[in-house]
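Protein chains in written order, with this note's numbering: chain A, 13 to 312; chain B, 172 to 851.
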Amino acid sequence: MAERDRIFDEKTLRKLDRLTLMANKVRAGAIKGERRSSKRGTSIEFADYRNYVRGDDLRRVDWNIYARLQRPFVKLLEDEEDMAVHILLDASASMDWPRAGERDWHKFLYARRIAAGLAYIALNSGDQVTVAGVRGDGVQYWGPLRGRGHTLNLLIWLEKLHTHGQVNLNQAFADYARRTARAGICIAISDMLTPDGFEEGVRTLQGRGHEITAIQVLSPDEVNPQVTGDLKLIDVETGIPQDVTVDDAMKQLYVERLQAWQMAINAYCTRRGIHYIATDTSTTWEQLILSELRQARVVQ
Amino acid sequence: MSFLTPLALALSALAIPIVLLYMLRLRRTEMPISSTFLWQQLIRDREANAPWQRLRLSWLLLLQLLILAALVIALARPFTEVKTITTGRIVLLLDASASMKAKDVEPSRFAAAREIGLDLVDTLGADDTMTLIQVGNVPEVLAAASRDKLVLRKALEDASPSDVSADWFAAMTLAAAGAIGVDELKVVIVTDGGLPGNLPAVPGDVRFVQVGESGSNLAISALATSALPGRDPQVFARISNYGETDTDVILDITLDDDETFFTARRYTVPADSYVDIFDLDLPASFDALTAQLTLPRNAAMPDYLVSDNLAYAVQDPSGAGRVLLMTEDNIFVEQIFRSLRGVELYLIEPGTNLPRDQYDLYVFDSWLPTDLPTGGDLLIINPPRGLNFFQLGGEIEPRGSITVNSDDPRMRNLASYMEAIFVDKMRTLGDIEWGTVLAEIDGNPLVITGEVDEQQVVILPFDARYPNTDLVLQPAWPILIAELASWFSPPRITDTAESLSPGSPVTVRFIENAEEAIVTLPNGRTVMLEPESSEVVFADTLQSGLYRVDLRKDGETFRSEQFAVNLFDAAESDIEPQANVQIGTSTIAEAAREETGRREFWPWVIGAGLAVIMVEWLVYHRALQRRPAVTLAGLHGSGSAQPGGWRARFSTRINRLLRRPSARRTTRRGSNRATMRRRY
Numbered sequence: 013m014a015e016r017d018r019i020f021d022e023k024t025l026r027k028l029d030r031l032t033l034m035a036n037k038v039r040a041g042a043i044k045g046e047r048r049s050s051k052r053g054t055s056i057e058f059a060d061y062r063n064y065v066r067g068d069d070l071r072r073v074d075w076n077i078y079a080r081l082q083r084p085f086v087k088l089l090e091d092e093e094d095m096a097v098h099i100l101l102d103a104s105a106s107m108d109w110p111r112a113g114e115r116d117w118h119k120f121l122y123a124r125r126i127a128a129g130l131a132y133i134a135l136n137s138g139d140q141v142t143v144a145g146v147r148g149d150g151v152q153y154w155g156p157l158r159g160r161g162h163t164l165n166l167l168i169w170l171e172k173l174h175t176h177g178q179v180n181l182n183q184a185f186a187d188y189a190r191r192t193a194r195a196g197i198c199i200a201i202s203d204m205l206t207p208d209g210f211e212e213g214v215r216t217l218q219g220r221g222h223e224i225t226a227i228q229v230l231s232p233d234e235v236n237p238q239v240t241g242d243l244k245l246i247d248v249e250t251g252i253p254q255d256v257t258v259d260d261a262m263k264q265l266y267v268e269r270l271q272a273w274q275m276a277i278n279a280y281c282t283r284r285g286i287h288y289i290a291t292d293t294s295t296t297w298e299q300l301i302l303s304e305l306r307q308a309r310v311v312q
Numbered sequence: 172m173s174f175l176t177p178l179a180l181a182l183s184a185l186a187i188p189i190v191l192l193y194m195l196r197l198r199r200t201e202m203p204i205s206s207t208f209l210w211q212q213l214i215r216d217r218e219a220n221a222p223w224q225r226l227r228l229s230w231l232l233l234l235q236l237l238i239l240a241a242l243v244i245a246l247a248r249p250f251t252e253v254k255t256i257t258t259g260r261i262v263l264l265l266d267a268s269a270s271m272k273a274k275d276v277e278p279s280r281f282a283a284a285r286e287i288g289l290d291l292v293d294t295l296g297a298d299d300t301m302t303l304i305q306v307g308n309v310p311e312v313l314a315a316a317s318r319d320k321l322v323l324r325k326a327l328e329d330a331s332p333s334d335v336s337a338d339w340f341a342a343m344t345l346a347a348a349g350a351i352g353v354d355e356l357k358v359v360i361v362t363d364g365g366l367p368g369n370l371p372a373v374p375g376d377v378r379f380v381q382v383g384e385s386g387s388n389l390a391i392s393a394l395a396t397s398a399l400p401g402r403d404p405q406v407f408a409r410i411s412n413y414g415e416t417d418t419d420v421i422l423d424i425t426l427d428d429d430e431t432f433f434t435a436r437r438y439t440v441p442a443d444s445y446v447d448i449f450d451l452d453l454p455a456s457f458d459a460l461t462a463q464l465t466l467p468r469n470a471a472m473p474d475y476l477v478s479d480n481l482a483y484a485v486q487d488p489s490g491a492g493r494v495l496l497m498t499e500d501n502i503f504v505e506q507i508f509r510s511l512r513g514v515e516l517y518l519i520e521p522g523t524n525l526p527r528d529q530y531d532l533y534v535f536d537s538w539l540p541t542d543l544p545t546g547g548d549l550l551i552i553n554p555p556r557g558l559n560f561f562q563l564g565g566e567i568e569p570r571g572s573i574t575v576n577s578d579d580p581r582m583r584n585l586a587s588y589m590e591a592i593f594v595d596k597m598r599t600l601g602d603i604e605w606g607t608v609l610a611e612i613d614g615n616p617l618v619i620t621g622e623v624d625e626q627q628v629v630i631l632p633f634d635a636r637y638p639n640t641d642l643v644l645q646p647a648w649p650i651l652i653a654e655l656a657s658w659f660s661p662p663r664i665t666d667t668a669e670s671l672s673p674g675s676p677v678t679v680r681f682i683e684n685a686e687e688a689i690v691t692l693p694n695g696r697t698v699m700l701e702p703e704s705s706e707v708v709f710a711d712t713l714q715s716g717l718y719r720v721d722l723r724k725d726g727e728t729f730r731s732e733q734f735a736v737n738l739f740d741a742a743e744s745d746i747e748p749q750a751n752v753q754i755g756t757s758t759i760a761e762a763a764r765e766e767t768g769r770r771e772f773w774p775w776v777i778g779a780g781l782a783v784i785m786v787e788w789l790v791y792h793r794a795l796q797r798r799p800a801v802t803l804a805g806l807h808g809s810g811s812a813q814p815g816g817w818r819a820r821f822s823t824r825i826n827r828l829l830r831r832p833s834a835r836r837t838t839r840r841g842s843n844r845a846t847m848r849r850r851y
């Protein structure tokens, strides 16, 4: 695969190594992870063993046990806990945009890169990661898996994931909430360009105990449209046409409407304790993860 | 401003559908977009989904309303009232004679007359008509009782003056014919004057409109060449000054096609007078001459008419006309020469001295002078003695029949007539190797022709009287003499030796079995004449200048001749504008603009509308160019706008197509994990 087609390059991966996902409310896992617990009083002490599974950090294998029993076990410590990370990736047809021009501005590629970056961080932190591609014909899952050894597998899965059809985010999020047994950090990456909204779904997720981060990805021409004239706009996701006469005043109105809509989303998310990050694809995805998500304290 | 058809203004209601069309929704360009979610909200805000939209200021709308306004106003036929010469049923007589080419009025008198005519057309009322007659050498009706202004304007614009004299009698007859059954006919004569004084009266109200300001003109009013026998030809010319100032003028003469002047002389021509020129000797050999007047730089007066400054003359090629007959009461010979066309016959008693004047043909019948003339041709009948170019033998009484040399074209028509001729007595001839025997009897020459010392000679060695021969009583005699006369001096192709007036007909003769005649006009145009009969009348002589007639046979020209056409009309050269004209018993002064006419100006409105259409077209296409190009990605970023952007996208897709199968094969063949590590 050519360099430009990769979701990550090595340099960025190394940067991501240093980051980890941060949950405001610690989700105590059934097993221990590498995440430092917010609970105080416990020291770095042995807590338990568990069977080694592929992808676990080899440094955590108890070699003495291995020497005695010829079976690998991983040591779990008291002060570290793992976390469930859910990444919900909008794979509706509207994410397949723009269909020409700058490749890095493609929304779905951009979204997959963010998903991969966040998943990479989570896997490196020993968290349990589930990635769900929400398509019009159903949801495709990866995981839940733990350990950095699954990184390559995740990237291959993401590469093969494509957009399809029309997605109802409310229904998709609610379905996901019902399906998942373990609450955790839930990161939804979407353009949110759906007339039904996503509030219902988010509420359902929150009701299942998830801590939600919503990343809205738009392309530059969606933020600042360049079209002019008497047009019949065809929605690539729904196929519904919309007649519109676009002039400078109309463009200004569009920008104002977009900003008002994003402010409304932001207000809603703030009210509900949801991290909301709006970005357009002209912002590099590394910058989004390493800077903006860090500022928003989604990663640290 | 008023309107002839104000009802047409109701069409301005068409503005309503135009405005409504602008309020209707437009046909839109389809363009895919990621989501119409936000646009739908916007449209909801602006209520754009309604069938009608708020009328917005649009240049296109304004321009289209302007176009409609121009159309409606034009259909309503707006007009303003102006003063004009006359209205109603008009017969316009437009002088198209040579004097109307005078340039004392810019650009010319005829152009000024045409403008007057156009002005009359413009002010015609809805029910008015105009008959337009161009008065040239043959008056021509250019438009007959038409109320169609376009037709009248076109006819006026196509009218043009010629170098001819105007035939006002015929023009008045035409005008009177147009007056039959018409009440209140108005006859408008637009001319510079110069009408004959005895014109008949025409019914109706006659108006005279004068054009021209000055009578200053110089003209060659006569030009001819002639040569007395034995002398070089001379020019006779008359230069007339129709102005009020004595002035100098230069007369240039060129011969044939020479580009250099044969001579150029300066003359002083008194005012309102002329100078005759008859002291210019010309070379013996030329066909035509051109004389031209040129004003010197310091000329005392301008010369406003150019047409009469050029004149042409041709040298008369027919020398056969002067025939000297010396015979003693041979009525057969005398009568036959008297009957020949173009022959000027002179009779002298035999035995007298030859006149000093030269003749084209000498006919000696039964007598010879002591010294033969050195010029002219010779027809010797029944010579009494031999001469230095033939020997006369004894008298014989031939018994056989006449044998004709049918190969000779001169005898082609004579064979059947000559065979039955009898000759009682004749003389034999000797030393006649120079000659051609046209007829013989018993081997003795009866008619012999030839050339001796540049003189054409015919000998008939018998007494051409009855009862010595019955030839003189038979049709063969005039045919023979006519053929011989033609041989001595070929007949002219045309029937004119002098200058023709423009427009005069000329007869072209198809002599010597010509198959066609080609007339070359002064402007180089050629006209082919078919020999429908032995003579054809050619009348396309409106141009002044030299005309050449070529007779052709078997595709080759065998005879050429020129004739000249000159204006030479004092009535045309005297360009002094006349204050009044005499029609019938009435003297008519120049008409004033007293009547009120209606000048319509809808063509200007239509023109303005067309200009607005052009602007509307430009505005529309500029708007089209500003529209976005429709692509799958919409109008995105600078990448697609860059040259070669499509190439980059194309090559990327090709690379993907080529590399994906390769990656899959690698994955299947080798270690999946190792492959993935290499990729990441």
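A virtual CB, placed ideally from N, CA and C, is assigned to each residue, including glycine.
Practice task
Under 7 Å between beta-carbons, which chain B residues line up against T296(A)? List them in chain order, please.
Solution key: Chain B residues near T296(A): none, gap ~15 Å exceeds 7 Å.
Handout entry: Where Y266(A) meets chain B, residues with beta-carbon distance less than 8 Å
Key = Per Cβ cutoff of 8 Å: L209, W210 and L213.
Exercise for the section: Kindly indicate which residue of G259(B), D423(B), F407(B) and S705(B) has the alpha-carbon position closest to the one of R378(B). Expected result: G259(B)
Practice task
Starting from the beta carbon of E234(A), find every residue of chain B whose beta carbon is closer than 7 Å, and list them in chain order.
Solution key: S205
Practice task
Note down, in chain order, each residue of its chain lying with its Cβ closer than 6 Å to the Cβ of A455(B), except the 5 sequence neighbours on either side.
Solution key: Cβ within range, chain order: D403.
Problem - Own chain, CB closer than 8 Å to E505(B), minus 5 neighbours either side, in chain order - result: L496, T498, L516 and L518
Handout entry: Proximity test, Cβ basis, 9 Å: L789(B) and chain D
Key = The structure shown contains no chain D; its protein chains are A and B.
Problem - Check: W210(B) C-beta below 8 Å from any heavy atom of the ligand PLP - result: With respect to the ligand PLP, the structure offers nothing, as it holds no ligand at all.
Problem - D334(B) versus S268(B): straight-line alpha-carbon distance, rounded - result: CA-to-CA, the gap between D334(B) and S268(B) works out to about 6 Å.
Handout entry: Own chain partners of V179(A) with C-beta closer than 6 Å, once the 5 adjacent residues on each side are dropped
Key = S104, V146 and G148
Problem - Sufficient close CB pairs (3 or more, under 8 Å) joining the stretch 594-612 of chain B to the stretch 566-578 of chain B - result: yes
Problem - Through-space distance from Q405(B) to F433(B), alpha-carbon basis - result: Cα to Cα, the separation comes out at about 13 Å.
Exercise for the section: For V190(B), collect the residues of the same chain with a Cβ closer than 6 Å to its Cβ; drop the 5 residues on either side in sequence, then sort them by chain order. Expected result: none
Problem - Three-pair Cβ contact test at 8 Å for the stretch 712-725 of chain B versus the stretch 366-378 of chain B - result: no
Handout entry: Paired residues, beta bridge with C198(A) - DSSP
Key = H98(A) and I224(A)
Handout entry: Cβ pair count under 8 Å reaching 3, the stretch 618-635 of chain B against the stretch 692-700 of chain B
Key = no
Problem - Range covered by the alpha helix (DSSP H) that runs through R906(B) - result: Past the edges of chain B, shown from 172 to 851, lies residue 906(B), and the structure says nothing about it.
Problem - Y64(A) to R194(A) span [Cα, whole Å] - result: 21 Å
Practice task
Could you give the DSSP three-state label for L246(B): helix, strand or coil?
Solution key: Annotated three-state conformation of L246(B) is helix, per DSSP.
Exercise for the section: Name, please, each residue of chain B whose Cβ falls closer than 8 Å to the Cβ of K244(A). Expected result: R199, T200, E201 and M202
Handout entry: Three-state secondary structure assigned by DSSP to G414(B)
Key = coil
Practice task
Using three-state DSSP, classify R663(B) as helix, strand or coil.
Solution key: coil
Handout entry: C-beta neighbour in chain B for G241(A), strict 9 Å
Key = yes
Handout entry: Terminal residues of the beta strand (DSSP E) in which S456(B) lies
Key = Bounds of any beta strand (DSSP E) do not take in S456(B), whose DSSP letter is neither H nor E.
Exercise for the section: Going by CA-CA distance only, name the one from I199(A), D203(A) and M262(A) that's closest to R309(A). Expected result: I199(A)
Exercise for the section: Answer yes or no: does any C-beta atom of chain B fall closer than 9 Å to that of P110(A)? Expected result: yes
Problem - Proximal residues, the stretch 199-231 of chain A versus chain B, C-beta separation under 8 Å - result: D203, L205, T206, P207 and S231
Exercise for the section: Would you please state the rounded distance, in angstroms, between the beta carbons of P661(B) and F709(B)? I believe it to be under 8 Å. Expected result: Distance from P661(B) to F709(B) at the Cβ level is roughly 20 Å; contact not present, criterion being Cβ atoms closer than 8 Å.
Handout entry: Under 7 Å from the C-beta of D247(A): neighbouring residues of chain B
Key = I204, S206 and T207
Problem - Buried or exposed (CB count within 10 angstroms, at least 16 for buried), W117(A) - result: buried
Practice task
Please specify which runs of the beta strand (DSSP E), each continuous and at least 3 residues long, are wholly inside the stretch 537-565 of chain B, giving them in chain order.
Solution key: Counting whole runs of 3 or more residues, the stretch 537-565 of chain B contains the beta strand (DSSP E) stretches 548-552.
Exercise for the section: Count the C-beta pairs between the stretch 237-247 of chain A and the stretch 199-209 of chain B that are closer than 8 Å, then say yes if the count reaches three, no if not. Expected result: yes
Practice task
Using a Cβ cut-off of 9 Å (strictly closer), state whether S50(A) contacts chain B.
Solution key: A caution first: S50(A) carries a pLDDT of 44, below 50, which makes its placement in the model unreliable, though a value can still be read off. It does not; no Cβ of chain B falls within 9 Å.
Exercise for the section: Tell me, please, whether the CB atom of W75(A) is closer than 9 Å to any CB atom in chain B? Expected result: no
Practice task
Give the straight-line distance between the Cα atoms of I289(A) and K119(A), rounded to the nearest whole angstrom.
Solution key: 15 Å
Problem - Any chain B beta carbon closer than 9 Å to T291(A) - result: no
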